[in-house]
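In terms of this note's numbering, the first sequence opens at residue 103 and continues consecutively.
For reference, the structure is listed below as C-alpha cells.
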Amino acid sequence: MDTKEEKSHNFIEEIVESDLAAGKYKEIVTRFPPEPNGYLHIGHASSICLNFGLTNKFPGYTNLRFDDTNPVTEDTEYVESIKDDIRWLGFTWKNELYASDYFGKLYDFAVQLIKKGLAYVDDSTADAIAALKGTPTQPGVDSPFRNRSVEENLDLFARMKAGEFPDGARTLRVKIDMAHPNMLMRDPILYRIKHAHHHRTGNDWCIYPMYDFAHGQSDSIEHITHSLCTLEFVPHRELYDWLIQTLEIYPSHQYEFARRNINYTVTSKRKLLQLVNEKFVDGWDDPRMPTISGLRRRGYTPESIRDFCDRIGIAKRENLIDVSLLEFCIREDLNKIALRRMVVFDPLKLVITNYPEGKTEMLQSEENPEAEKIEVRDIPFSRELYIEKEDFMENPPKKFFRLAPGQMVRLKSAYIIKCDEVIKDENGNIIELRCSYIPESRSGADTSGINVKGTLHWVSIPHAVSAEVRLYDRLFRVEDPGNEEGDFKEYINPDSLQVISHVYAEPALLKSRFGDRYQFLRKGYFTLDKDSSEENLVFNRTVTLKDTWAKEKSKT
RNA sequence: UGCCCGAUAGUAUAAUGGUAGUACGACAGAUUUUGGUUCUGUUUGUCUUGGUUCGAAUCCAGGUCGGGCAACCA
103 MDTKEEKSHN FIEEIVESDL AAGKYKEIVT RFPPEPNGYL HIGHASSICL
153 NFGLTNKFPG YTNLRFDDTN PVTEDTEYVE SIKDDIRWLG FTWKNELYAS
203 DYFGKLYDFA VQLIKKGLAY VDDSTADAIA ALKGTPTQPG VDSPFRNRSV
253 EENLDLFARM KAGEFPDGAR TLRVKIDMAH PNMLMRDPIL YRIKHAHHHR
303 TGNDWCIYPM YDFAHGQSDS IEHITHSLCT LEFVPHRELY DWLIQTLEIY
353 PSHQYEFARR NINYTVTSKR KLLQLVNEKF VDGWDDPRMP TISGLRRRGY
403 TPESIRDFCD RIGIAKRENL IDVSLLEFCI REDLNKIALR RMVVFDPLKL
453 VITNYPEGKT EMLQSEENPE AEKIEVRDIP FSRELYIEKE DFMENPPKKF
503 FRLAPGQMVR LKSAYIIKCD EVIKDENGNI IELRCSYIPE SRSGADTSGI
553 NVKGTLHWVS IPHAVSAEVR LYDRLFRVED PGNEEGDFKE YINPDSLQVI
603 SHVYAEPALL KSRFGDRYQF LRKGYFTLDK DSSEENLVFN RTVTLKDTWA
653 KEKSKT
C-alpha cells in the first residue's frame, strides 16, 4: 500500500511546527486583519487560507479582526462584505474583533509611554514633521517639541482626546531616535487628531491610533502567537517588537510573506476602487473583478479558490502567478460537478430531410459523464435543429472533423447525420443545411457500424429556449498593468465583456437556479447571474473549456 | 549613498550539507458520442565569482540583479 507523500510545509508552517515542537506554545493563535475600506480579493484569499489553514492544521484558532483605525475611509458595508466572503470561502473565525474595541486600552498604553518619558506631543505640521524626518540616507532632526515635560505631554494629550484641537494640529509621537537607520524608528506618530465619525465608536473619539500603535498592540491583547503580514511590513517589525517590549505586554511575533500577484489583473484596493468608482466595471462584484465577490458571481467555487491558494503556496520572493493556474483549478472542480447542457450561440438551421415532419423524440443524455452514478436528462429532438455556425465549413481543411458537404458527424446523444445540401441566400450566405440521418445510429442503440470523428451539440428549434450569455475575458491586455508606464486604466482590455443576448438552449435550462453550475457542451462553464429573471435567463461564463482546436486553427 | 528583504525550468513552489522534485503551461501521442475529461511521454532550472567540505541550491565572503523604506494610510 502506498502512503500518500506528505505535502511539504511552507516556511511559516515550519516556524509554527518547530515552535509547537519546542513547547513554546500549546496552541497557536492567528488573525486575519482586514481594514474595512474595500472588498476582499484573491490576494486576501491567500492570506485567509494561510491564517485559517494554519489553525486547521495545528491546534489553535483564528480571530477576525478589523483594523479600523482610520474612520475616514472605513465603512460597515465593507465589514459585511468581508464577513460574507470569509464565510463563503469556508472558514470560521473564533472571535469577531475590532481594533476599535481597544481604543481605551491603546490610549492607556500611550499614557504609559508618556509617563516613561518615551512619548511626546508634537505641535509640528505634517510638512514640518516630514522635513525633519531626514531621508533614507540622511539622519533626521529632533522636533523642537521633543523635550516637553511629562506633565505637559500628559496635559496636552488629554486635551487632544478632549477635542480641544483641530485636525492635524498636534500628534503624539514616540521618542526613539531621529537618526535611526530604519526610518520607521524616527519618532513615529502614535496618534493623530481626526474629528471624524467612526463606523463603530461613533463620535466617542477624535484621536485615532496609527497602524503601528494599533496592530501590534491588538495582536498582543489577543495573545496572537503568529502575526502574519505581507513583505512591506518587514521594516515595521523593529517598531512592532520595540513597542511590545517597552510596554511589557504579551510578545506576539510578526512574520512576513510575499503578497500573491496574478497576471492580467490588479489587486490593489486603491486601483480596484478606481475601477468601481469610474465605472470601468459593474461594481465590486463585477465578474471580471479579482474580488472574492466577483469570482463568486463569475461562478468560481470556494473549493477551487482554496485549491488555487494551496497550489501557489507561500514564500518570500516577488511573484506574478499565471492566471492559467486559477483557470485550471476551476475547470478541475467544475468538470466534476457541472451539469451538461447544450446551447447554440450562433445558430445555423439544419433540416433533417428524412425525419418525419412534426415528430418529437425524447433522447437521453448524461447530466455529468464524470459522475460516479450517471444520471440522465431528456432532450427533445425534431426535424429542424440549430447547430453552431462555426461547426460547418463548405471547404474544410484536412483536420476539420465537423460538418461539411458530403461529410458525416454525430449529433451528441442523437443520430449520425450526413450533409447533403447547402442552401444560400441571394448574397451567397449559408442559411440552411439539408441533411439526412441514419436511423440505426441512435445514441445508445447504434447498429450502423459507422464511425465518425466529430460530435456536435445542437438544439431542436421548436423546443429551444432563449437566454443571454455574458462572455468574459481578462480585464487587462498586459500581464502587469500596475507596473506599466502611465495610468493602469489605459491597459484595460476593451473586449473583456461580450454579451450575446439571444442564444438557443435546450429546455432543461429553464429550471436553472442560482448556484447551479453548468457546462454548456463545447462552450465552457456557466452559472446564472443575479441579473437573471424568469423572462430573461442570464448566464455568466465562468471559464472556457480548453480548446485545442482553437490552438490548431491559430497555427495557420 | 543608509537600512531591510529576496533570487531554483515560461510561471509558482519543494529539496533544511548527500539522486534538483512537483504542479500549471508548452509540445507529442493514446483514448473519447464534448477537438472537453482521462492516460502516456517530451521539453526547460539552482543569478555570479570565490571559499569551507569527501560532497553546496543549501554554509561563508564579495559582486550582480530585483523589490521595499522619507502617508497625521494600512
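Just so you know, even glycine gets a beta-carbon here, dropped at the ideal spot from N, CA and C.
Predicted model, so just to flag it, every value in this text is computed and none were measured.
Where do the ends of the alpha helix (DSSP H) carrying residue i lie?
{"i": "C151", "result": "144 to 159"}
{"i": "N437", "result": "425 to 439"}
{"i": "E253", "result": "252 to 263"}
{"i": "Y180", "result": "178 to 191"}
{"i": "G318", "result": "317 to 323"}
{"i": "C308", "result": "No alpha helix (DSSP H) contains C308, which DSSP labels as neither H nor E."}
{"i": "F113", "result": "113 to 123"}
{"i": "L234", "result": "228 to 234"}
{"i": "Y209", "result": "205 to 217"}
{"i": "E654", "result": "650 to 657"}
From what residue to what residue does the beta strand (DSSP E) around residue i run?
{"i": "F622", "result": "619 to 622"}
{"i": "H328", "result": "328 to 332"}
{"i": "Y222", "result": "221 to 224"}
{"i": "P404", "result": "Unbroken run through P404 is the alpha helix (DSSP H), 404 to 414; no beta strand (DSSP E)."}
{"i": "T662", "result": "This structure cannot speak to residue 662, because the chain is shown only from 103 to 658."}
{"i": "K520", "result": "518 to 526"}
{"i": "E570", "result": "567 to 574"}
{"i": "Q240", "result": "Per DSSP, Q240 belongs to no beta strand (DSSP E) and is neither H nor E."}
{"i": "R512", "result": "510 to 513"}
{"i": "L199", "result": "198 to 200"}
Mind checking whether residue i and residue j have CB atoms under 8 Å apart?
{"i": "S149", "j": "I414", "result": "no"}
{"i": "I97", "j": "Y574", "result": "Residue coverage of the chain in this structure runs from 103 to 658, which leaves residue 97 outside it and unanswerable."}
{"i": "N456", "j": "S538", "result": "yes"}
{"i": "K451", "j": "F359", "result": "no"}
{"i": "Q319", "j": "Y163", "result": "no"}
{"i": "I309", "j": "M280", "result": "no"}
{"i": "G270", "j": "P404", "result": "no"}
{"i": "S545", "j": "S515", "result": "yes"}
{"i": "V453", "j": "S467", "result": "no"}
{"i": "H559", "j": "L623", "result": "yes"}
{"i": "S406", "j": "I432", "result": "yes"}
{"i": "V554", "j": "M510", "result": "yes"}
{"i": "S202", "j": "H300", "result": "yes"}
{"i": "P449", "j": "M464", "result": "no"}
{"i": "L639", "j": "L611", "result": "yes"}
{"i": "R288", "j": "H282", "result": "yes"}
{"i": "I144", "j": "I364", "result": "yes"}
{"i": "I130", "j": "F160", "result": "yes"}
{"i": "Y67", "j": "A440", "result": "Lying before the first or after the last residue shown, residue 67 is absent from the chain, which here runs from 103 to 658."}
Have a look at the DSSP bridge pairing and note the partners of residue i.
{"i": "E381", "result": "Residue identity differs from the one stated: residue 381 is Lys in this sequence, not Glu. Per DSSP, none; premise fails for K381."}
{"i": "G396", "result": "Answer is none; G396 lacks a bridge partner."}
{"i": "I552", "result": "Answer is none; I552 lacks a bridge partner."}
{"i": "E587", "result": "Answer by DSSP bridge pairing: none, since E587 is not bridged."}
{"i": "P458", "result": "The partner list for P458 (beta bridge, DSSP) is empty, contrary to what the question assumes."}
{"i": "N165", "result": "R133"}
{"i": "S538", "result": "K520"}
{"i": "R479", "result": "S467"}
{"i": "V336", "result": "In the DSSP output, where bridge partners are listed per residue, V336 has none listed."}
{"i": "P449", "result": "E490"}
{"i": "E358", "result": "C331"}
{"i": "F628", "result": "Y620, R643"}
{"i": "R275", "result": "Y222, I291"}
{"i": "L505", "result": "F494"}
{"i": "S614", "result": "Note: S614 sits in no beta bridge, so no partner."}
{"i": "V561", "result": "Y488"}
{"i": "H300", "result": "G304"}
Residue i and residue j look like a contact to me (Cβ under 8 Å); what is the Cβ gap, rounded to whole Å?
{"i": "N165", "j": "K196", "result": "6 Å"}
{"i": "R361", "j": "T393", "result": "Their Cβ separation, rounded to whole angstroms, is 15 Å, which puts R361 and T393 out of contact at 8 Å."}
{"i": "V561", "j": "L487", "result": "7 Å"}
{"i": "T644", "j": "L436", "result": "7 Å"}
{"i": "R578", "j": "Y366", "result": "Note that residue 578 is Phe in the sequence shown, not Arg. About 5 Å separates the two Cβ atoms, so the contact holds."}
{"i": "N642", "j": "R399", "result": "7 Å"}
{"i": "V445", "j": "K632", "result": "Wrong, their Cβ atoms sit about 20 Å apart, outside the cutoff."}
{"i": "I184", "j": "L156", "result": "In fact, because the Cβ distance is near 19 Å, the residues do not count as touching under 8 Å."}
{"i": "A212", "j": "L292", "result": "6 Å"}
{"i": "N255", "j": "A221", "result": "7 Å"}
Original post:
Counting pairs of beta carbons, one from the segment 157 to 174 and one from the segment 136 to 143, are three or more of them closer than 8 Å?
Top reply: Yes, they touch.
Subject >> Cβ contact (3+ pairs, closer than 8 Å) linking the segment 198 to 214 and the segment 241 to 250 >> reply: Verdict: no, contact absent.
Original post:
Taking one C-beta from the segment 340 to 354 and one from the segment 561 to 576 each time, how about it: are there three or more such pairs within less than 8 Å?
Top reply: Verdict: no, contact absent.
Subject >> Meets three-Cβ-pair contact criterion under 8 Å: the segment 580 to 591 and the segment 492 to 505 >> reply: No, they do not touch.
Original post:
Using 8 Å as the Cβ pair cut-off and three pairs as the minimum, do the segment 458 to 466 and the segment 521 to 534 touch?
Top reply: Of all C-beta pairs linking the segment 458 to 466 to the segment 521 to 534, fewer than three are shorter than 8 Å, placing the two stretches out of contact.
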